[in-house]
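Engineer: Sharing a structure, written as structure tokens. Questions coming.
Chains as they are written, first to last, in the numbering used here: chain W, 23 to 130; chain Y, 21 to 135.
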């Protein structure tokens with residue numbers, strides 16, 4: 023079983039749609055969780071950290087379920103500029119373990 | 021302020037040659053990481069430096085790969101006797117601390133092509 027698994031997509035949605043991405047991780051000792059965003063041929067950038075209580079940043083909501091080892095990202099009112107690959111990331115002490123990413127394409 | 025910089029941005033080399041990739045972290049960041057991203061794949065951890073501690077080399081794929089870091093500044097990743105499967109984007113990241121909760125800031129990467 024891969025350490026961090028994501029549905030690769032692509033998710034093709036119209037502007038204004040709500041879209042949800044899921045991620046599972048295999049190591050129950052994982053300490054920190056993140057969603058990073060990677061635009062085409064660019065470096066990854068932190069989108070948001072994920073906390074057990076769930077957290078929201080504008081149109082983005084992240085949830086963590088430690089019992090199920092499951093992380094989610096919800097994007098509301100999608101914008102064209104949200105088109106990117108979203109990487110689920112788990113930290114088990116030092117290095118970040120990246121999922122392969124879920125590609126989102128928002129169209130007008 | 022200045023972000024993480026990497027050089028060269030692109031490198032084309034012949035199979036069997038050695039290459040050296042450079043990373044300049046954000047000033048003051050004690051932690052530095054190297055990752056590899058093959059086309060269409062996720063990021064693979066290669067090596068981690070934290071201050072003056074011994075580096076975590078657990079991600080290096082073979083003994084052809086090595087990395088050094090001088091104090092808390094520049095790092096170089098060296099690939100000896102390059103193979104075609106080494107073709108990838110090599111990303112460097114730095115962080116204010118090696119603690120798990122800190123964000124990692126990535127450089128733009130070096131795109132390596134081995135012909």
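Positions of the beta carbon are idealized from the N, C-alpha and C atoms, including for glycine.
Quick caveat, the model's predicted, so the values are computed rather than measured.
Output needed in chain order: residues of the segment 64–92 of chain Y with a Cβ under 9 Å from some Cβ in chain W.
Structural biologist: Within the segment 64–92 of chain Y, the qualifying residues are 64, 65, 66, 67, 68, 70, 76, 78 and 79.
Engineer: If you measure beta-carbon to beta-carbon, which residues of the segment 103–124 of chain W are closer than 8 Å to chain Y?
Structural biologist: If the cut-off is 8 Å between Cβ atoms, the segment 103–124 of chain W has 109, 113, 114, 115, 116, 117, 118, 119, 120, 121, 122 and 123 near chain Y.
Engineer: Going along chain Y in order, which residues have a C-beta closer than 9 Å to the C-beta of residue 101 of chain W?
Structural biologist: The premise fails here: residue 101 of chain W is roughly 23 Å from chain Y at the closest Cβ pair, so nothing lies under 9 Å.
Engineer: Can you grab the Cα-Cα spacing for the pair residue 70 of chain W / residue 119 of chain W, in whole Å?
Structural biologist: When rounded, the distance between both Cα atoms is 15 Å.
Engineer: Quick check: is the beta carbon of residue 97 of chain Y nearer than 8 Å to any beta carbon in chain W?
Structural biologist: No, because no Cβ of chain W sits closer than 8 Å to the Cβ of residue 97 of chain Y.
Engineer: Which one of W:74, W:113, W:121 and W:108 has the shortest CA to CA distance from residue 118 of chain Y?
Structural biologist: The shortest C-alpha separation from residue 118 of chain Y is found at W:113.
Engineer: Can you say whether residue 51 of chain W is buried or exposed, counting buried as having 16 or more other CB atoms within 10 angstroms of its CB?
Structural biologist: When all chains shown are included, residue 51 of chain W counts as exposed.
Engineer: Scan the segment 47–66 of chain Y for residues whose Cβ lies nearer than 7 Å to a Cβ of chain W and list them as they occur along the chain.
Structural biologist: Result list: 53, 61, 62, 63 and 65.
Engineer: Note down, in chain order, every chain Y residue with its Cβ under 8 Å from the Cβ of residue 66 of chain W.
Structural biologist: Near residue 66 of chain W (Cβ distances below 8 Å), the residues of chain Y are 63, 111 and 126.
Engineer: How about residue 123 of chain Y: is its C-beta nearer than 8 Å to some C-beta of chain W?
Structural biologist: By this cut-off, residue 123 of chain Y is an interface position.
Engineer: Apart from the five residues just before and just after residue 31 of chain Y, which ones in its own chain have a Cβ nearer than 8 Å to its Cβ?
Structural biologist: Around residue 31 of chain Y: 39, 41, 130, 131, 132 and 133.
Engineer: Can you find the residues in the same chain that come closer than 6 Å, C-beta to C-beta, to residue 127 of chain W, ignoring five residues on each side of it along the sequence?
Structural biologist: 32, 34 and 105, listed in sequence order.
Engineer: Suppose you measure from the CA of residue 80 of chain Y to the CA of residue 96 of chain W; what does that come to, to the nearest Å?
Structural biologist: If I take the Cα positions, the gap works out to 34 Å.
Engineer: If residue 109 of chain W sits next to residue 123 of chain W, beta carbons under 8 Å apart, how far is it from one beta carbon to the other, in whole angstroms?
Structural biologist: Confirmed, about 5 Å.
Engineer: Following the continuous beta strand (DSSP E) through residue 128 of chain W, name the residue where it begins and the one where it ends.
Structural biologist: From DSSP, the beta strand (DSSP E) with residue 128 of chain W extends over 124–129.
Engineer: Can you list the residues of chain W that residue 147 of chain Y reaches, using a CB-CB cut of under 8 Å?
Structural biologist: In the structure as shown, chain Y starts at 21 and stops at 135, and residue 147 of chain Y therefore has no counterpart that could be examined.
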